[in-house]
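For reference, the structure discussed in these notes is given below.
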Amino acid sequence: ADPPADDYFHQVIAADQKIEPRDAMPEAYRRTLVRQIAQHAHSEIIGMQPESNWISRAPSLKRKAILLAKVQDEAGHGLYLYAAAETLGVSREELVDKLLTGRQKYSSIFNYPTLTWADVGAIGWLVDGAAIVNQVPLCRCSYGPYARAMIRICKEESFHQRQGFEILYTLARGTAAQRELAQDAIDRWWYPSLAMFGPPDSDSTHSEQSMAWKIKRFSNDELRQRFVDMCVGQAEVLGLALPDPQLRWNPDRGGYDFTQPDFDELFQVISGDGPCNRQRLAHRRAAHDEGEWVRRAAAAYAAKSAERRAA
Ligand code: 3HC
Numbered sequence: 042a043d044p045p046a047d048d049y050f051h052q053v054i055a056a057d058q059k060i061e062p063r064d065a066m067p068e069a070y071r072r073t074l075v076r077q078i079a080q081h082a083h084s085e086i087i088g089m090q091p092e093s094n095w096i097s098r099a100p101s102l103k104r105k106a107i108l109l110a111k112v113q114d115e116a117g118h119g120l121y122l123y124a125a126a127e128t129l130g131v132s133r134e135e136l137v138d139k140l141l142t143g144r145q146k147y148s149s150i151f152n153y154p155t156l157t158w159a160d161v162g163a164i165g166w167l168v169d170g171a172a173i174v175n176q177v178p179l180c181r182c183s184y185g186p187y188a189r190a191m192i193r194i195c196k197e198e199s200f201h202q203r204q205g206f207e208i209l210y211t212l213a214r215g216t217a218a219q220r221e222l223a224q225d226a227i228d229r230w231w232y233p234s235l236a237m238f239g240p241p242d243s244d245s246t247h248s249e250q251s252m253a254w255k256i257k258r259f260s261n262d263e264l265r266q267r268f269v270d271m272c273v274g275q276a277e278v279l280g281l282a283l284p285d286p287q288l289r290w291n292p293d294r295g296g297y298d299f300t301q302p303d304f305d306e307l308f309q310v311i312s313g314d315g316p317c318n319r320q321r322l323a324h325r326r327a328a329h330d331e332g333e334w335v336r337r338a339a340a341a342y343a344a345k346s347a348e349r350r351a352a
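The sequence shown begins at 42 in the UniProt record's numbering and counts up one residue at a time.
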């Protein structure tokens, strides 16, 4: 049952302080953190697939090295987040099993294909850019381990976003074909990136409670708006167009009016009917099976080391 309203948990939340793993917390608070942190971690791991699709075909050694570093960062982000989730009393094996059996989600955005090299730029600029808008407020999340994991992740995401912007900037100033490649990638990734922020506030099942617990600091629509406002100026610097004829500054709102993403498509993708859902999970299951011997060897080595220490 929830602790009384005047107890330590509610005092800490009211004072904008951090709840730590050993603190008493409502079971529902713990459960929603496990849900969100685990799905965030799954997103990082699955997100390695669309990006790594271009490692072997990067146009130069420099681009290959940068993309390798970025994909390696995503694995590290998954590690930090699984470790943060484990502080809530769940095991990584259990969370991975929930991903592989479809009982936990990962971000819709990674169910879209990376058709050309310019997609690597669009993912960096738009998807990692959206991730930063969503993740910076999470650095102030009320749960300590999650907030602290976010601080390092956000620093690395900034590198991801900058390298993506620079790829598009270079293509936009290249040949007409390269410019068209960059514009085509933005046209395909713009609306799915807006959808990353989740359903509209009116359809968000968790927002109200997550905001009361100061896990979510801004609503889905607020962050989506912030992302659009950030991208318009950057697209002008790129010299590329955002695929939204309705986009225009609204002085009354102090933000851009824009066309919302297709939320029916978002729910279809979330429920498993996106362009790459089956491919992404099949690849993850195969990689998990191939990695079984590594996990067994690491566990055997850890057991032997523990025996030697105990001897
Ligand atoms: N993809 C998949 N599922 C989504 C989603 C999306 N884009 N947006 C919402 N959902 C799901 C929610 O998980 C929830 O389902 P559940 O109850 O089974 O978990 C349901 O749709 C209702 O949505 P809500 O708005 O009520 O859910 P939340 O309050 O959890 O808000 C969220 C959704 C904004 C994604 C929030 O969970 C969040 O901020 N998560 C942490 C950030 C994150 O996971 N980012 C994913 C991208 S990771 C990434 O960007 C990697 C980088 O390197 C590119």
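We treat Cβ as the ideally placed atom computed from N, Cα and C, and that holds for glycine. Note that the coordinates shown come from a computational prediction; the quantities given were computed from them, not determined experimentally.
Can residue i be considered in contact with the ligand 3HC, in the sense that its beta carbon sits closer than 7 Å to one or more heavy atoms?
i	result
residue 271	no
residue 313	no
residue 142	no
residue 257	yes
residue 261	yes
residue 285	no
residue 169	yes
residue 76	yes
residue 191	no
residue 146	yes
residue 323	no
residue 80	yes
residue 94	no
residue 88	yes
residue 253	no
residue 306	no
residue 207	no
residue 246	yes
residue 204	no
residue 346	no
To which residues of the same chain is residue i closer than 6 Å at the C-beta, ignoring the five residues directly before and after it?
i	result
residue 318	152
residue 227	163, 281
residue 266	296
Is it buried or exposed, residue i, if we count other Cβ atoms within 10 angstroms and call 16 or more buried?
i	result
residue 187	buried
residue 248	buried
residue 162	buried
residue 113	exposed
residue 243	exposed
residue 84	buried
residue 116	exposed
residue 97	exposed
residue 125	buried
residue 137	buried
residue 342	exposed
residue 335	exposed
residue 315	buried
residue 102	exposed
residue 331	exposed
residue 198	buried
residue 215	exposed
What's the gap between the Cα of residue i and the Cα of residue j?
i	j	result
residue 135	residue 148	19 Å
residue 143	residue 133	15 Å
residue 129	residue 62	6 Å
residue 257	residue 177	11 Å
residue 183	residue 172	19 Å
residue 262	residue 344	49 Å
residue 221	residue 190	38 Å
residue 232	residue 169	14 Å
residue 105	residue 195	22 Å
residue 205	residue 349	48 Å
residue 166	residue 201	8 Å
residue 252	residue 278	35 Å
residue 308	residue 346	48 Å
residue 276	residue 289	14 Å
residue 303	residue 225	19 Å
residue 217	residue 294	37 Å
residue 234	residue 81	15 Å
residue 179	residue 333	33 Å
Leaving out five residues on either side along the sequence, give the residues of the same chain with a beta carbon under 7 Å from the beta carbon of residue i.
i	result
residue 87	147, 151, 321, 325
residue 66	50, 60
residue 100	158
residue 239	245, 261
residue 75	126, 129, 131
Heavy atom of the ligand MG less than 7 Å from the Cβ of residue i, yes or no?
i	result
residue 240	For the structure depicted, the ligand MG is absent and the ligand set comprises only the ligand 3HC.
I'd like the list of long-range same chain contacts for residue i, defined as Cβ closer than 8 Å, with 5 residues on each side in sequence excluded.
i	result
residue 141	322, 325, 326, 329
residue 354	In the structure displayed, the chain extends from 42 to 352; residue 354 sits before or after that span and is not available.
residue 139	79, 145
residue 284	227, 228, 231, 232
residue 271	170, 174
residue 210	278, 279
For a cutoff of 8 Å on Cβ pairs, would you count residue i as touching chain D?
i	result
residue 264	The chain labelled as chain D is not found in the depicted structure, where only one protein chain is given.
Within the stretch 263-319, ranges of the alpha helix (DSSP H) (whole runs, at least 4 residues):
304-309
Quick one: complete alpha helix (DSSP H) runs, 4+ long, within the stretch 221-262?
248-253
Any chance you could list the alpha helix (DSSP H) runs of at least 4 consecutive residues sitting entirely within the stretch 137-211, in chain order?
You should have 159-163, 169-179.
In chain order, each alpha helix (DSSP H) run of at least 4 residues that lies wholly inside the stretch 51-90:
With a minimum length of 4 residues, the unbroken runs of alpha helix (DSSP H) contained wholly in the stretch 51-90 fall at 68-87.
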